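Heads up: the sequence shown begins at 1 in the working numbering, then just goes up one per residue.
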Amino acid sequence: MTDAPPSDDTPSVRPLQVETHGLDVIGDADRKGTPRTLFWPWFGANVSVLGMSYGAFALGFGISFGQALTAGILGIVFSFLLCGFVAVAGKRGSAPTMVLSRAAYGVRGNRLPAAVSWLLTVGWETALCALATMATATVFRRFGTGGGDETKVVALVLVAALVVVVGVMGFDLIMRLQTVITVVTGILTLVYVVLVADHIHWSTVSAVPAGSAQEFIGALVFMMTGFGLGWVNAAADYSRYLPRTASGRGVVGWTTLGASLAPLLLLVFGLLLAGSSAGLGDAIALDPVGALTTLLPTWFLIPFAAVAVLGLVGGAVLDIYSSGLALLAAGLRVPRPLAALVDGVLMIAGAVYIVFFADDFLGPFIGFLTTLGVPIAAWCGVMLADLLLRRRDYAEEDLFRPGGRYGDIPPGPLLLTLGATALGWGLVTNTAAGWLDWQGYLLGPLGLGGRTGDWAFANLGVLIALAVGFLGTLLLSRGRVRTQEGTRMTTNQPHGAPDAPFTDPSPDAPGTPPGLLAVIDMQRVFAEPDSPWAAPRFDEAAAGVRRLLPAFGDRVVFTRFIAPEHPEGAWRAYYDRWTFALRPADAPLWHLVDDFSESLPGGARHLLDAPTFGKWGPDLAARIGGDGRLVLAGVSTDCCVLSTALAAADAGVEVLVVADACAGADDDSHAKALHVLGLYRPLVRVVTVDEVLAQSRPAPR
1 MTDAPPSDDT PSVRPLQVET HGLDVIGDAD RKGTPRTLFW PWFGANVSVL GMSYGAFALG
61 FGISFGQALT AGILGIVFSF LLCGFVAVAG KRGSAPTMVL SRAAYGVRGN RLPAAVSWLL
121 TVGWETALCA LATMATATVF RRFGTGGGDE TKVVALVLVA ALVVVVGVMG FDLIMRLQTV
181 ITVVTGILTL VYVVLVADHI HWSTVSAVPA GSAQEFIGAL VFMMTGFGLG WVNAAADYSR
241 YLPRTASGRG VVGWTTLGAS LAPLLLLVFG LLLAGSSAGL GDAIALDPVG ALTTLLPTWF
301 LIPFAAVAVL GLVGGAVLDI YSSGLALLAA GLRVPRPLAA LVDGVLMIAG AVYIVFFADD
361 FLGPFIGFLT TLGVPIAAWC GVMLADLLLR RRDYAEEDLF RPGGRYGDIP PGPLLLTLGA
421 TALGWGLVTN TAAGWLDWQG YLLGPLGLGG RTGDWAFANL GVLIALAVGF LGTLLLSRGR
481 VRTQEGTRMT TNQPHGAPDA PFTDPSPDAP GTPPGLLAVI DMQRVFAEPD SPWAAPRFDE
541 AAAGVRRLLP AFGDRVVFTR FIAPEHPEGA WRAYYDRWTF ALRPADAPLW HLVDDFSESL
601 PGGARHLLDA PTFGKWGPDL AARIGGDGRL VLAGVSTDCC VLSTALAAAD AGVEVLVVAD
661 ACAGADDDSH AKALHVLGLY RPLVRVVTVD EVLAQSRPAP R
């Protein structure tokens, strides 16, 4: 029921504001978009010209063009496919990746993998910021105007400021920026390819000798850690904004496509360039992006600087957003924008070291990737296996409660991850970074030639850690997950924790959801399309109500909005506008739709009439019973449901509003009403039909 349709001058794009969402669950009213929208942030984050430099990195393993291309395709697609699978968890759980990870590791046990995730994302944003700074300085050096420390300082300040500001602002600005970056960098990168194509010499490329199987595996692992495994710990941070009904296959497909497409194309071209010139490959090791400018005409240097910096910034802003979330998941109790700001300070400090003090870029970069790639691979294996074992969506409230179903510090997953990491570190080497020469301690005992043998640079440890984490979780956690999904929590909530989960505390009704189901105003006046008060999605709400009715049995009341015989006060002006509605209570327009009028379990005893939007009052209060919970469904979300919910909550009643069993005057009004209701947590909570029905299943014996 509504007074007037939404104004036509309502802006279609929300004004930018600092995102306040941190580790909290994204409410249904704030979830938007389709899986297709995931393409833009993933493509924008990976369209950087740094992808061409990976061609030189791959050939540096001593393999041929064909081997490097195969390793690149397999490594890029497979690693981003892992990201796609993890992204499904975001749709199912509405929380950041490293919060969803608590389902496997426990609420506080997850702090260790969250800390590793934080180190990885901070490391990546630092590397990208440093590369953007170095590339800018190289461009100015080519012009013969600057390129020294002063230029680097200015470039670093500007790049870091852009990354930090966008990271602090949050999701909406990131999504808008990534769309711009995708278009601009895509076009300018294509121009770059055309301009330097004459530097490719196929005869030279094809003459590069083939390497051993071990060298091929090393390149494959490097591609995995340099691409998808660098993102997998943040893969659900953006899909959590999608509606729960979004296609899981679509999430996997669009994430994988968006993330893989640009790196694959850039890798091919980078292989052709690096394979045509050994000198270029050596230069890339020192300055991975700036070295690419040596092939360009002077007039394109400024556009190249733009494409290089924008591409690197696109990746860095996603990293600083996710690193802030990881820092919160690791236990820091500050607002998300402040966490992103802290990470920005560390990013600047790390970039200063790389730009002004490090001997080269590639050595520390490889050491960073493989060292953190091992524990992240182990975590990824555990996370994916845990996700595969789950048949139900995450119990989101329990992700924040050490006493909830996911536990506090379950030892199994942590010990498995630590064991997989120890095994993995024993099978990788990092001779380019002297402080990591302790790795590879298992290569000798396992007969793989030690730290100088053929297997030394295959970095098998990353693959082994992934496999051990995945298979170990499948074997050891199946029973634990089944217990979690069958648990009906009754524990008390600790002080300061989020509001209690949607569970049944009443022992007298196993298999029945707690509380009273009030079905609000499912009447013909809101159902019939030609009615001035028609709710466009009435039938969808009715379908949700039908699913709820069997679970509540006799604990159901239907309400009807009826016109007063003599309107008083402001109601007189209301009915002056809606004169068609001044009909007696038995008029057909006030009837419940047929299937609901026929299904009333107790006849008039379960029917409540009121001439007001809100239905809360002594009659409804008397029907609730001792557990004090009211479950609301019906129409319209933005009027009678909203009015009833807030009045009941004001009276101290716990209210659950079943979003997909409600309908508004229009979709926008429905969404806005749910958002408003979400502001009243924990007195009012927005849930789904599936979440309500999940509580009606008896706990396993």
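Note that CB positions come from ideal geometry on N, CA and C, so glycine has one too. In this text, all values refer to a predicted model and were calculated from it rather than measured experimentally.
Three-state secondary structure assigned by DSSP to residue i
i, result
"T255", "helix"
"I520", "strand"
"A395", "coil"
"F304", "helix"
"T136", "helix"
"E568", "coil"
"F561", "strand"
"V687", "strand"
"V334", "coil"
"L608", "strand"
"G614", "coil"
"E215", "helix"
"E528", "coil"
"V309", "helix"
"V49", "coil"
"G469", "helix"
"V658", "strand"
"V289", "coil"
"G84", "helix"
"G62", "coil"
"G230", "helix"
"R141", "helix"
"R176", "helix"
Residue i classed as buried or exposed, judged by whether at least 16 other C-beta atoms fall within 10 angstroms
i, result
"I187", "exposed"
"D454", "exposed"
"K615", "buried"
"R629", "buried"
"T429", "buried"
"A330", "buried"
"T503", "Caution is warranted here: a pLDDT of 38 is assigned to T503, below 50, making its placement in the model unreliable, and no coordinate value can be reported."
"A563", "buried"
"F356", "exposed"
"A694", "buried"
"Y353", "exposed"
"D398", "buried"
"S322", "buried"
"K750", "The chain is shown only over 1 to 701; residue 750 falls outside these bounds and no answer can be derived."
7 Å CB neighbourhood of residue i in its chain, flanking five on each side removed
i, result
"D619", "L608"
"L272", "I200 and V205"
"T182", "W40, F43, G44 and V47"
"T431", "D437"
"L162", "V313"
"L220", "A71, L74 and G75"
"V556", "L517, V519, L549, P601 and H606"
is_contact[residue i, chain C] using C-beta, thresh 9 Å
i, result
"I320", "No chain C is part of this structure, which consists of one protein chain only."
Close Cβ partners of residue i (< 8 Å) along its chain, the five nearest in sequence each way excluded
i, result
"S531", "R524, V525 and L589"
"L59", "F65, A68, V208, L271, A274, G275 and G281"
"V689", "G544, R547, L548, V658, D660 and A661"
Same chain only: Cβ atoms within 6 Å of residue i, ignoring 5 sequence neighbours per side
i, result
"L460", "L427"
"V631", "G515, L517 and L656"
"S117", "M98, N233 and A326"
"F368", "G123"
"L642", "A673"
Residue i Cβ short of 8 Å to the ligand FAD heavy atom set
i, result
"P584", "With respect to small molecules bound, the structure shown includes none, and the ligand FAD cannot be examined in it."
For this session: Taking 8 Å as the threshold, find out whether the segment 70-82 comes into contact with the segment 362-375 through three or more Cβ pairs.
Result: no
For the structure I just gave you, are there three or more beta carbon pairs, one from the segment 226-241 and one from the segment 469-489, closer than 8 Å?
no
Touching by the beta-carbon criterion (3+ pairs, under 8 Å), the segment 344-353 and the segment 125-135: yes
*Does the segment 280-296 touch the segment 356-368, meaning 3 or more C-beta pairs lie closer than 8 Å?*
yes
Exercise for the section: May I ask you to verify whether the segment 130-142 touches the segment 294-313, counting CB pairs closer than 8 Å and requiring at least 3? Expected result: yes
Report yes or no: do the segment 573-584 and the segment 637-648 share at least 3 C-beta pairs separated by less than 8 Å? Here the segment 573-584 does not lie against the segment 637-648, with fewer than 3 beta-carbon pairs under 8 Å apart.
Q) For the 8 Å Cβ check, are there 3 or more pairs between the segment 579-589 and the segment 518-536? A) Judged by pairs of C-beta atoms under 8 Å, the segment 579-589 touches the segment 518-536, as three or more such pairs exist.
Please confirm if the segment 434-446 is in contact with the segment 382-391, defined as three or more CB-CB distances below 8 Å between the two stretches.
No, they do not touch.
| Just checking, does the segment 30-48 make contact with the segment 255-263 on the three C-beta pairs under 8 Å criterion? | yes
Query raised in the report: Given 8 Å as the limit, is there contact between the segment 415-422 and the segment 322-337, that is, 3 or more CB pairs closer than that?
Result: These segments do not touch.
Going residue by residue through the segment 397-465, where are the continuous alpha helix (DSSP H) segments of at least 4 residues, counting only ones entirely within it? 411-425
Contact between the segment 677-693 and the segment 649-668 is defined here as three or more beta-carbon pairs at a separation below 8 Å; is this criterion met?
yes
Is there contact between the segment 305-319 and the segment 109-118, where contact requires at least three CB pairs shorter than 8 Å? Counting C-beta pairs with one atom in each stretch, the segment 305-319 and the segment 109-118 have fewer than three that are closer than 8 Å, which means they do not touch.
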